[in-house]
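Colleague: Just passing along the structure, written as structure tokens.
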Amino acid sequence: MRSERRVERARRNRPTDGLAACFFACLLPSSPPDLVQLLDYIVMSVYLVVILAAGVAFARKSGEQGMESFFGGGGQVPWWISGTSLFMSFFSAGTFVVWGTIAYEQGVVAVTMQWTMAAGGGVAALWMAPRWRRSGALTAAEFIKKRFGTASQQFYSYLVLFYGVLATGAVLYPVAKMMAVATPFSLTTCILVIGAVVILYTTAGGLWAVLITDTLQFVILTVAVIALVPLALAAVGGPGALAAQAPADFFTLTSDEYTPAFIAAFVFYHIILIGGRWGFVQRYTSVPSARDARKVGLLFAGAYLVAPVIWMLPPMAYQVMEPGLTGLDTEGAYILVSEAVLPVGVVGLMFSAMISATASSANTTLNITAAVITNDIYTDMLRPEATEREQMIVARASTVAVGAAMVSVALLVPAVGGIVDVVISMAALLAVPIMAPPLWALFSEYLTARGAQAATLAGFVLNLFFKFAAPPLWGLSLSTGAEMAVGVAGPVLVLGAFELAARRRGHRGPGFRRAFAGTTDETQHETEAASGEAASGEAADANQQRFGLRVLAGVMGLAGAGLLVLAFFAPDRPWVAVGMGLPILALAAFVWRMQRRAQEDDGLPADGERRTADRRARDANVEE
């Protein structure tokens, strides 16, 4: 049995004398691990129920407070929740499958590639995130309408709708791939089941459901990976054994495939993506101020500076444990190393968190794509007189429709070469041409609607030519790095040309002043709060913020308590579950105290006191 061979190899590799031997002996399992066992299935089921409950908890709240809450969180999302969700939305799109595959095959270069995301996030935090918040727009599409007009808004809305379906489908595939690796279910069944779960809680709770589930997944996965790393290193005999037995060039920052030129292009690509992708823009516009938007980006950049060093160690260790994986089998390296070293029960939790976290990028794109359909196509183009209730119906129906299309795309991914090829190709072909022009328009008053659309179309034509026409015509097949460089350079060069031409003519687009009319760097939020109606709306949004914190504390508390219960049933190394459960419970208590403090600062009674007051008021009315 392959799992037995892995454990036997781990025992041969471990140190045999001194404290190191004692340490690694206690980390290794006492018996060979099987595939996911009954206890793991129970843990997985409970975890998914908790995730669904967290999403459904916001169904009534989102419905009561309307479209701004469903798609924008009411503009009152705490920056640390929005930043964590941004990290999870970006991180989860490829960490376990895309970057896990590269870490297994090529080692540290996977860390280098993810550091480009930290660089891109830092640039976005300093310049782009505050600018988006200062525009006063709820979505990127709303900004485009103010900046360029309705025609450009429609042009980009349809493109983002198409891109969103492809992006969510490409993300859903690795989730199902991990599930299919570790369970007896087929890949098709896994895609259908996970797609249904994502659609359900995103449709029910809107943006707040996405944010809270992302934050919960971040906490659980971080604790789980911190537990996984020493266990994986123990299985190969420690860091020294990993360094000694790893393939040549396993610890170099670049490789023949991912060259320094590719890394440089990847930095520029991530500046545009993190600063301009519509789902990520939503994270900047949903917080109270431009200062908070900057904090969102800085939290993302800091997390991506540290996390890859830790998160990539398990698949790197698995290269020593099981060096024979080839082809698409390498995409399962992360879940296989988890199965090999984690105790029963914790495997189920780790696996469930991987599934949910990887799906968080899909739910982000689902939510923003539904916003495009509802706000920018249905309300602006088809029924401007639509009521709030009608818009909410369309919002939820469009979420389901886009989700169904997402599932269809995911079913087609294996036919086009696996997830790595899909992600790289889609990034080069679509992402930059769509996102670069609106991002440029944030800062340039010279860019016109014609220039923006020309840059997008030129980027598409250039990328499609080098991807599909150049190989048969000229025998020219671009490397991964060259493909990424062309994808970034094409639209940027066209934008630069239009900028220079407009400056020479002295032509300034009127839309730039319109897009930022009535806003200042840090006073927009305070100005809006001056009216009684805005103050009333902010009170409702603040109430939803406190509700969100209560839900987060509750589901984190359930997860922590569940891990402590799991320790009583775990047949092997129960201290792993205890070590994970205690810090999660501590964080739950901290978040609960945070929402209580916010409630006290707003001059509101505690929940128990409020219920007592309501009961006394009802009794008084009965007596009268």
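All letters in the sequence shown, in the order written, are residues 126 to 749 by our numbering.
Each residue gets a CB set at the ideal place from its N, CA and C atoms; glycine is no exception.
Please list, in chain order, all residues of the same chain as F391 whose beta carbon is under 7 Å from its beta carbon, the five residues on each side excluded.
Modeller: M238, T241 and M609
Colleague: Could you tell me the distance, in whole angstroms, from the CA atom of P355 to the CA atom of F212?
Modeller: 24 Å
Colleague: For M621, count neighbouring Cβ atoms within 10 angstroms of its own Cβ and tell me buried if that reaches 16, exposed if not.
Modeller: Looking at the sequence shown, residue 621 is not Met but Gly. G621 should be labelled exposed.
Colleague: Ends of the alpha helix (DSSP H) at S260?
Modeller: Run containing S260: none; DSSP gives neither H nor E here.
Colleague: Within a Cβ cutoff of 6 Å, which residues of the same chain sit near A418, ignoring the five residues on either side of it in sequence?
Modeller: A254, P255, R258, Y409 and V412
Colleague: For H632, count the other beta carbons within 10 Å of its own beta carbon; 16 or more makes it buried, fewer makes it exposed. Which is it?
Modeller: exposed
Colleague: How is Q720 classed by DSSP in three states: helix, strand or coil?
Modeller: helix
Colleague: Looking at C-alpha atoms only, which residue of A702, D501 and P364 is the closest neighbour of V285?
Modeller: D501
Colleague: Compute the beta-carbon to beta-carbon distance between G232 and F376, rounded to the nearest angstrom, for a pair I have assumed lies under 8 Å.
Modeller: 6 Å
Colleague: Between F593 and P558, how many whole angstroms is the CB-CB distance? I'm expecting something under 8 Å.
Modeller: With a Cβ gap of about 15 Å, F593 and P558 do not count as contacting.
Colleague: Please report how far the alpha carbon of L398 lies from the alpha carbon of P696, in whole angstroms.
Modeller: 45 Å
Colleague: Sort V527, V519, V462 and M517 by Cα distance to L491 and report the nearest one.
Modeller: Distance check between L491 and each of V527, V519, V462 and M517 places V527 closest, using alpha-carbon atoms only.
Colleague: Beta carbon of W717: closer than 8 Å to some heavy atom of the ligand SAM?
Modeller: You won't find the ligand SAM in this model; it holds no ligand whatsoever.
Colleague: Using a Cβ-Cβ cut-off of 6 Å (strictly less than) and excluding sequence neighbours within five positions of L689, which residues of its own chain qualify?
Modeller: G706
Colleague: Please decide whether T327 counts as near chain B, where near means a Cβ-Cβ distance under 9 Å.
Modeller: The structure shown contains no chain B; it is built from a single protein chain.
Colleague: Who are the near neighbours of L367 in its chain, counting only those whose CB is closer than 8 Å to its CB and skipping five residues on each side?
Modeller: L358, V361, M441, A442 and V445
Colleague: In angstroms with no decimal places, state the Cα-to-Cα distance between A561 and G401.
Modeller: 7 Å
Colleague: How far does the alpha helix (DSSP H) with D454 in it reach, from first residue to last?
Modeller: Where D454 is concerned, there is no enclosing alpha helix (DSSP H), given that its DSSP letter is neither H nor E.
Colleague: In whole angstroms, what is the alpha-carbon distance linking V545 and A426?
Modeller: Confidence in V545 is poor, its pLDDT being 48 and thus under 50, which makes the residue's placement unreliable; the coordinate value appears in the next sentence. The alpha-carbon atoms of V545 and A426 are separated by roughly 23 Å.
Colleague: State buried or exposed for M506, treating a residue as buried only when at least 16 other CB atoms are found within 10 Å of its CB.
Modeller: exposed
Colleague: I'd like to check one pair, T581 with P616: are the Cβ atoms closer than 9 Å?
Modeller: yes
Colleague: Quick check on the DSSP output: the alpha helix (DSSP H) that includes K271 runs from which residue to which?
Modeller: Element bounds for K271: A265 to F273.
Colleague: Give the straight-line distance between the Cα atoms of L346 and L625, rounded to the nearest whole angstrom.
Modeller: 48 Å
Colleague: Determine, using beta carbons only, whether F221 and M303 come nearer to each other than 9 Å.
Modeller: Result yes, Cβ atoms of F221 and M303 sit closer than 9 Å.
Colleague: Keeping to the same chain, check which residues put their C-beta closer than 6 Å to that of I396; ignore five residues upstream and five downstream.
Modeller: G245 and V248
Colleague: Measuring CA to CA, which of T275, E510, A235 and F590 is closest to P385?
Modeller: A235
Colleague: Any idea what DSSP makes of L603, helix, strand or coil?
Modeller: Coil, per DSSP.
Colleague: Please give the ranges of any beta strand (DSSP E) in the segment 294–372, keeping only runs that are unbroken, at least 3 residues long and fully inside the region.
Modeller: none
Colleague: Which same chain residues, not among the five before or five after P597, have their C-beta less than 7 Å away from its C-beta?
Modeller: none
Colleague: Under 9 Å between the Cβ atoms of T293 and T494?
Modeller: Yes.
Colleague: Is the beta carbon of S486 closer than 9 Å to that of S214?
Modeller: Yes; because the gap between Cβ atoms is below 9 Å, this pair is in contact.
Colleague: Thinking C-beta only, is L173 closer than 9 Å to S477?
Modeller: yes
Colleague: Just tell me which of A482, V534 and P699 has its CA closest to the CA of F343.
Modeller: A482
Colleague: Here's the rule I'm using: 16 or more other beta-carbon atoms within 10 Å means buried, otherwise exposed. How should F693 be labelled?
Modeller: exposed
Colleague: Measure the C-alpha to C-alpha separation of P448 and V611 and round it to an integer number of angstroms.
Modeller: 34 Å
Colleague: Using C-beta distances below 6 Å, list every residue in its chain close to Y498, excluding the 5 sequence neighbours before and after it, in chain order.
Modeller: As written in the sequence, residue 498 is Ile, which differs from the Tyr given in the question. Same-chain partners within the cutoff: S523.
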